[in-house]
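Trainee: Take a look at this one; I'll ask things after.
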Amino acid sequence: MEKPITEGTERQFILRLPQEVASQVRQAIREDEVGERLQISDFSDMKEGLVHFDDTTLTAKLMELPCIIESHKTLDKKSLYKTGDICQMMVCSNKDDSNAEQEKPMKRDQYRRYQLNHGITPPLKNVRKRRFRKTARKNKLLESPEVEKEVKRLIREDLAAINVGILLPIG
0 MEKPITEGTE
10 RQFILRLPQE
20 VASQVRQAIR
30 EDEVGERLQI
40 SDFSDMKEGL
50 VHFDDTTLTA
60 KLMELPCIIE
70 SHKTLDKKSL
80 YKTGDICQMM
90 VCSNKDDSNA
100 EQEKPMKRDQ
110 YRRYQLNHGI
120 TPPLKNVRKR
130 RFRKTARKNK
140 LLESPEVEKE
150 VKRLIREDLA
160 AINVGILLPI
170 G
């Protein structure tokens, strides 16, 4: 479980915007006006919210990246120091795009809804499917009656055994 974010907590994430808004935000960063014009709000469940830039309102989802990315900073363009780990990407889209997505049926596993399958570079496309193995379902293993019967049979045979020994083949 994540702790609630307080005012003094610093978080780093990648902000992915539609192309037309991204160019405006880039220009605002160059002019050092981004703090006044860009606002992120309504993250009540810490996963979905709104991003406001000037008069444009975008819907946003905070997605989990498949790999952790380190961010670094430099002062003299020679030595770098680490400023944090980035493991989330805020994906913004126009409100019209998100309405079509909300009409899709909800997946059974809510956590997968907020996971990205791709990294941020082309070689990491479908990295979650290619590099990470699927986890075994515990329900199938624990509730299997055949496994329980076999374990009980082996325990009964061990208890009924008169003599226990090891036979090693010679030659």
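Numbering that gives the first Met the number 0 numbers the first residue of the sequence shown as 0 and each following residue consecutively.
Using N, Cα and C, we set each Cβ at its ideal position, and we do this for glycine too.
So, using beta-carbon positions, are glycine 34 and phenylalanine 42 closer together than 7 angstroms?
Mentor: Within the sequence shown, residue 34 is the residue found at index 35, counting from 1. Within the sequence shown, residue 42 is the residue found at index 43, counting from 1. Cβ distance not < 7 angstroms, so glycine 34 and phenylalanine 42 don't count as in contact.
Trainee: Grouping DSSP H, G and I as helix and E and B as strand, with all else coil, what is alanine 21?
Mentor: By 1-based counting over the sequence shown, the position of residue 21 is 22. In this structure, alanine 21 counts as helix in the three-state DSSP scheme.
Trainee: DSSP three-state label for valine 33, please.
Mentor: Counting from one through the sequence shown, the residue named residue 33 turns up at place 34. Helix at valine 33.
Trainee: For serine 78 and lysine 72, I'd like the C-alpha separation in whole angstroms.
Mentor: To locate residue 78, count along the sequence shown from 1; it is residue 79. To locate residue 72, count along the sequence shown from 1; it is residue 73. Taking the straight line from one Cα to the other gives about 9 angstroms.
Trainee: Can the beta-carbon of valine 20 be found closer than 7 angstroms to that of threonine 55?
Mentor: If you number the sequence shown from 1, residue 20 lands on position 21. If you number the sequence shown from 1, residue 55 lands on position 56. The Cβ atoms of valine 20 and threonine 55 sit closer than 7 angstroms to each other.
Trainee: Please classify valine 163: does DSSP put it in a helix, a strand, or coil?
Mentor: The sequence position of residue 163 within the sequence shown is 164, counting from 1. Reduced to three states, the DSSP call for valine 163 is coil.
Trainee: Which residue or residues does DSSP assign as beta-bridge partners of tyrosine 113?
Mentor: The residue labelled residue 113 in the question sits at position 114 within the sequence shown. Answer is none; tyrosine 113 lacks a bridge partner.
Trainee: Buried or exposed for leucine 64, please, with buried defined as at least 16 other CB atoms from any protein chain shown within 10 angstroms of its CB.
Mentor: Numbered from its first residue, the sequence shown carries residue 64 at position 65. Classification of leucine 64: buried, given that the 10 Å Cβ count is 16 or more.
Trainee: In chain order, what residues of the same chain have a beta carbon less than 7 angstroms from the beta carbon of cysteine 86, not counting five sequence neighbours either side?
Mentor: As a first step, residue 86 must be located in the sequence shown, where it is residue number 87. So the list reads Glu63, Leu64, Ile67, once near-sequence residues are dropped.
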